[in-house]
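Q: All residue numbers for the sequence shown refer to the numbering used here, where the first residue is 122 and numbers rise by one. Backbone N, C-alpha and C define an ideal beta-carbon position, used for all residues, glycine too.
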Amino acid sequence: MPSIENLLRKISAELAPASGSSATQEAFIILETLLGLSYTELHAESQRPVEPAIVDKCNAIVGCRLSGEPLAYILGKVYFYSQYFTVTPDVLIPRPETEILVDIVLKTYKQACGMFLDIGTGSGIIAQCITNEKPGWRCMAVDKSLPALSVATRNRTGNRVALFGADIVSALKGLRQFDFIVSNPPYISRTEIQTLDRDVKDFEPHSALDGGIDGLDFYRIFASSLKPFIKPGGFLFCEIGFGQAEAIKEIFLRNNWGTFEIFNDFADIPRVIKVSPE
Ligand SMILES: C[S@@+](CC[C@H](N)C(=O)[O-])C[C@H]1O[C@@H](n2cnc3c(N)ncnc32)[C@H](O)[C@@H]1O
């Protein structure tokens, strides 16, 4: 029977063609999941032999990964904002950039109670992480994909996130005002979708990626229609794609929104906007 250390080495090497620089990290996640051990425990018990049944499961997972399937879909879970969430091929795999969006919302609002709208909730991670941190906040979360909403239902704890299946354009009619609105909308341009890595292009739902011809369709919809649904003093927070900040700023200015702030990620790439209606 191989030791944990030997198996980690073997899986990392086998995953390299599909996972590149993430191969070792993915090997750890696979063994953490199959053995129910933490990263530290895998190190501490590195000489422990691994049963053949677990080795077989590792081989099966590596086989799926080499076909291009993202590890999060194979394992059915992803780590986001310090906890695991369920994911299936019906939802976008949450990205680290989206943690910045959650952080900026949480830093902006200090009040104990409030109500917000999450547009394109997908797996529900944004709504869930914000309400986890703010026990007095409630959220209305909308997505047009019913299969995605069933994943969001599995990720929901408590009763402070209300999930609605609707296209955002039709859902806006009759909506109330919110303290703020948050969204990570589809923002990849049609041409760019064709150039994405196989893991993304062939496995993630295109309805979660496709932002129209230039990737900016949702920002145009938001800029032209969301103002009446944000209370005075509130904001719209959105994730944005690489290289889109200036074009999106222009869209909001043209629609007479007020202040427009841009937040960068650790690589200094603009990732989040915070816009006030006034
Ligand atoms: C980029 S994903 C974001 C998912 C999740 N909020 C996250 O950050 O990981 C965009 C989501 O918007 C949803 N969506 C796309 N078009 C929509 C529309 N017209 N109305 C409502 N939701 C829509 C998709 O189904 C998808 O779940």
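1) Smallest Cα separation from residue 309: which of 327, 252, 199?
2) Of the choices 174, 249, 296, whose alpha-carbon is the least far from that of residue 279?
3) Roughly how far, in whole angstroms, is the beta-carbon of residue 270 from the beta-carbon of residue 295, given that I think they are within contact range, below 8 Å?
4) Just how far apart, CA to CA, sit residue 267 and residue 139?
5) With DSSP run on the structure shown, which of helix, strand or coil describes residue 363?
6) Based on the DSSP secondary-structure assignment, which residues constitute the bridge partners of residue 186?
7) Express the C-alpha separation of residue 332 and residue 338 in angstroms, rounding to a whole number.
8) Going by the beta-carbon positions, is the gap between residue 334 and residue 311 smaller than 7 Å?
9) Give the straight-line distance between the Cα atoms of residue 134 and residue 144, rounded to the nearest whole angstrom.
10) Could you pull the start and end residues of the alpha helix (DSSP H) that residue 242 belongs to?
11) Taking the alpha-carbon of residue 241 as reference, which of 230, 254, 262 has the nearest alpha-carbon?
12) Leaving aside the five residues before and after residue 342 along the sequence, list all residues of the same chain whose C-beta is less than 6 Å from its C-beta, in chain order.
13) Relative to the C-alpha of residue 113, which candidate in 148, 273, 398 has its C-alpha closest?
14) With DSSP as the reference, label residue 218 as helix, strand or coil.
15) Do you know offhand how far residue 324's Cα is from residue 288's?
16) Just to confirm my understanding: we take residue 156, look at its own chain, exclude 5 residues before and 5 after, and list those with CB closer than 7 Å. What are they?
A: Judging by the given coordinates:
1) If you number the sequence shown from 1, residue 309 lands on position 188. Nearest neighbour of residue 309 by Cα position, chosen from 327, 252, 199, turns out to be 327.
2) As a working mapping, residue 279 is identified with position 158 in the sequence shown. Measuring from the Cα of residue 279, the nearest candidate turns out to be 249.
3) For this step, residue 270 is matched to residue 149 along the sequence shown. For this step, residue 295 is matched to residue 174 along the sequence shown. Wrong, their Cβ atoms sit about 19 Å apart, outside the cutoff.
4) Residue numbering aside, residue 267 sits at position 146 when the sequence shown is read from its first letter. Residue numbering aside, residue 139 sits at position 18 when the sequence shown is read from its first letter. Each residue's alpha carbon lies about 31 Å from the other.
5) The sequence position of residue 363 within the sequence shown is 242, counting from 1. Residue state, collapsed to three classes: coil.
6) Within the sequence shown, residue 186 is the residue found at index 65, counting from 1. Beta-bridge pairing links residue 186 to no other residue.
7) Within the sequence shown, numbered from 1, the residue matching residue 338 stands at position 217. Within the sequence shown, numbered from 1, the residue matching residue 332 stands at position 211. Rounded to the nearest angstrom, the two C-alpha atoms are 5 Å apart.
8) By one-based count along the sequence shown, residue 334 stands at place 213. By one-based count along the sequence shown, residue 311 stands at place 190. Yes.
9) For the purposes of this step, residue 134 is identified with residue 13 of the sequence shown, where counting begins at 1. For the purposes of this step, residue 144 is identified with residue 23 of the sequence shown, where counting begins at 1. Going from the Cα of residue 134 to the Cα of residue 144 covers about 7 Å.
10) As a working note, residue 242 is residue 121 in the sequence shown. No alpha helix (DSSP H) contains residue 242, which DSSP labels as neither H nor E.
11) For this step, residue 241 is matched to residue 120 along the sequence shown. Closest option to residue 241, Cα to Cα, is 262.
12) As a position in the sequence shown, residue 342 is number 221, starting the count at 1. Once the five neighbours on either side are set aside, residue 342 has no close Cβ partner at all.
13) The chain is shown only over 122 to 399; residue 113 falls outside these bounds and no answer can be derived.
14) Locating residue 218 in the sequence shown gives position 97, where the first residue counts as 1. It is helical.
15) One-based indexing of the sequence shown puts residue 324 at position 203. One-based indexing of the sequence shown puts residue 288 at position 167. Whole-angstrom Cα-Cα distance: 23 Å.
16) The count along the sequence shown starts at 1 and reaches residue 156 at position 35. These residues qualify, in order along the chain: 175.
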